[in-house]
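Data block below; observations after.
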Amino acid sequence: NAGVTQTPKFQVLKTGQSMTLQCAQDMNHEYMSWYRQDPGMGLRLIHYSVGAGITDQGEVPNGYNVSRSTTEDFPLRLLSAAPSQTSVYFCASSRGEGLNEQYFGPGTRLTVT
Amino acid sequence: LAKTTQPISMDSYEGQEVNITCSHNNIATNDYITWYQQFPSQGPRFIIQGYKTKVTNEVASLFIPADRKSSTLSLPRVSLSDTAVYYCLARTWGYGGSQGNLIFGKGTKLSVKP
């Protein structure tokens with residue numbers, strides 16, 4: 561099993577550009593989530609999904625969109641990147657719900673200039 | 016709203032027991048408390064999870080008092096490889112969608128010295 565995979569590993573965007581961060585898992589987990597990690601702030605939940613076709617907002621959802629068309633994939637879209645979205649983004653998945661053991665991907669380091 | 020608070024950093028020596036406490040107010044009475052470990056340039060990794068009293072696995076113990084306003088992660092006989100950042104995770108209700116919102120603490124950076 562590959563576990564949770566994320567692409568790309570690194571990305572530089574200009575303000576106003578859009579992009580999609582990819583996340584996939586091969587463990588047939590129902591729950592998937594996106595976090596951002598900033599220095600001194602820990603991890604903050606952006607969006608999560610409890611199954612295909614179902615998504616919900618976390619603590620910091622503004623500026624991000626998600627969709628879940630399959631169990632395996634959970635892409636995160638930045639519609640119009642801003643410097644405040646410079647961060648490391650982690651995708652995670654778990655069986656059932658988010659308080660169960662979550663498996664994290666390796667992260668995407670995004671810089672918006 | 017729930018909030019989780021942890022010490023920013025801790026120092027220890029190899030072979031010592033390390034206890035890291037997380038304060039978490041306003042968590043649901045039937046939710047688990049979960050702890051993660053993170054090494055530089057990696058995603059967090061699950062360590063242990065508990066609901067009340069004491070839970071032990073092969074790497075750590077977790078103590079949760081009856082009032083559940085805090086939890087303590089205990090690492091027995093730490094080694095240099097335990098140098099990492101440790102996060103507690105709890106859930107708050109009232110915002111964040113149908114499953115509430117998962118709140119990570121800001122992390123405790125543990126440095127283990129020889």
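Protein sequence lines, in the order shown, are assigned to chains W and R.
FYI, the numbering for the first sequence is 561 to 673, going by my numbering.
FYI, the numbering for the second sequence is 16 to 129, going by my numbering.
Yeah, the Cβ is synthetic: ideal placement off N, Cα and C, and Gly gets one too.
Member of the options whose CA lies at the smallest distance from the CA of residue i
{"i": "V61 (chain R)", "options": "R:L77, R:K67 and R:N116", "result": "According to the sequence shown, residue 61 (chain R) is Phe rather than Val. Closest option to F61 (chain R), Cα to Cα, is R:L77."}
{"i": "T575 (chain W)", "options": "W:R669, W:S653 and W:Q645", "result": "W:Q645"}
{"i": "M587 (chain W)", "options": "W:P621, W:E632 and W:L581", "result": "W:E632"}
{"i": "Y595 (chain W)", "options": "R:T44, R:I118, R:D26 and R:I48", "result": "R:I118"}
{"i": "R92 (chain R)", "options": "R:M25, R:E32, R:D26 and R:Q21", "result": "R:E32"}
{"i": "S593 (chain W)", "options": "W:L670, W:M601 and W:V564", "result": "W:V564"}
{"i": "G30 (chain R)", "options": "R:V74, R:H39 and R:S94", "result": "R:S94"}
{"i": "R49 (chain R)", "options": "R:N41, R:H39, R:I63 and R:A43", "result": "It is worth fixing the name first, because residue 49 (chain R) is Thr in this sequence and not Arg. For T49 (chain R), the nearest C-alpha among the options comes from R:I63."}
{"i": "S38 (chain R)", "options": "R:V127, R:A105 and R:P129", "result": "R:A105"}
{"i": "C651 (chain W)", "options": "W:P621, W:P666, W:V620 and W:F570", "result": "W:P666"}
{"i": "K569 (chain W)", "options": "R:S56, R:I42 and R:V74", "result": "R:S56"}
Separation of residue j from residue i, as counted between CA atoms
{"i": "I79 (chain R)", "j": "S85 (chain R)", "result": "6 Å"}
{"i": "G65 (chain R)", "j": "D82 (chain R)", "result": "14 Å"}
{"i": "T107 (chain R)", "j": "Y608 (chain W)", "result": "15 Å"}
{"i": "S640 (chain W)", "j": "T19 (chain R)", "result": "31 Å"}
{"i": "Q114 (chain R)", "j": "Y28 (chain R)", "result": "40 Å"}
{"i": "T71 (chain R)", "j": "Q566 (chain W)", "result": "32 Å"}
{"i": "A584 (chain W)", "j": "R655 (chain W)", "result": "14 Å"}
{"i": "N561 (chain W)", "j": "Y591 (chain W)", "result": "17 Å"}
{"i": "P635 (chain W)", "j": "Y649 (chain W)", "result": "12 Å"}
{"i": "L670 (chain W)", "j": "G58 (chain R)", "result": "15 Å"}
{"i": "G600 (chain W)", "j": "G611 (chain W)", "result": "31 Å"}
{"i": "T68 (chain R)", "j": "L605 (chain W)", "result": "28 Å"}
{"i": "T615 (chain W)", "j": "N116 (chain R)", "result": "13 Å"}
{"i": "K128 (chain R)", "j": "S96 (chain R)", "result": "10 Å"}
{"i": "G120 (chain R)", "j": "C103 (chain R)", "result": "5 Å"}
{"i": "L90 (chain R)", "j": "A75 (chain R)", "result": "5 Å"}
{"i": "E73 (chain R)", "j": "E661 (chain W)", "result": "16 Å"}
{"i": "Q21 (chain R)", "j": "L659 (chain W)", "result": "19 Å"}
Other residues of its chain near residue i: CB distance less than 7 Å, five sequence neighbours each side excluded
{"i": "D598 (chain W)", "result": "S647"}
{"i": "A99 (chain R)", "result": "Q52, Q53, F54 and L125"}
{"i": "Q617 (chain W)", "result": "H607"}
{"i": "L638 (chain W)", "result": "S578, M579, G623, Y624 and Q645"}
{"i": "A560 (chain W)", "result": "Residue 560 (chain W) lies beyond the stretch modelled for chain W, which goes from 561 to 673, so this question has no answer here."}
{"i": "M25 (chain R)", "result": "V33, I35, T123 and L125"}
{"i": "A43 (chain R)", "result": "R106 and W108"}
Own chain residues within Cβ distance below 8 Å of residue i, not counting five before or after
{"i": "G613 (chain W)", "result": "R628 and S629"}
Cβ neighbour criterion (16 or more within 10 Å) applied to residue i
{"i": "D46 (chain R)", "result": "buried"}
{"i": "I23 (chain R)", "result": "exposed"}
{"i": "S653 (chain W)", "result": "buried"}
{"i": "L573 (chain W)", "result": "buried"}
{"i": "G122 (chain R)", "result": "buried"}
{"i": "F664 (chain W)", "result": "buried"}
{"i": "G602 (chain W)", "result": "buried"}
{"i": "V626 (chain W)", "result": "buried"}
{"i": "T668 (chain W)", "result": "buried"}
{"i": "V620 (chain W)", "result": "buried"}
Residues near residue i in its chain [Cβ-Cβ closer than 6 Å; skip 5 each side]
{"i": "T87 (chain R)", "result": "N34, T36 and F78"}
{"i": "H589 (chain W)", "result": "S653, S654 and R655"}
{"i": "Q582 (chain W)", "result": "T567 and P635"}
{"i": "E657 (chain W)", "result": "Y591"}
{"i": "Q571 (chain W)", "result": "L670"}
Beta-bridge pairing of residue i - partner residues as DSSP gives them
{"i": "H607 (chain W)", "result": "W:W594 and W:Q617"}
{"i": "D26 (chain R)", "result": "R:S126"}
{"i": "Q582 (chain W)", "result": "W:T567"}
{"i": "G65 (chain R)", "result": "R:I48"}
{"i": "L95 (chain R)", "result": "According to DSSP, which records beta bridges pairwise, L95 (chain R) is partnered with nothing at all."}
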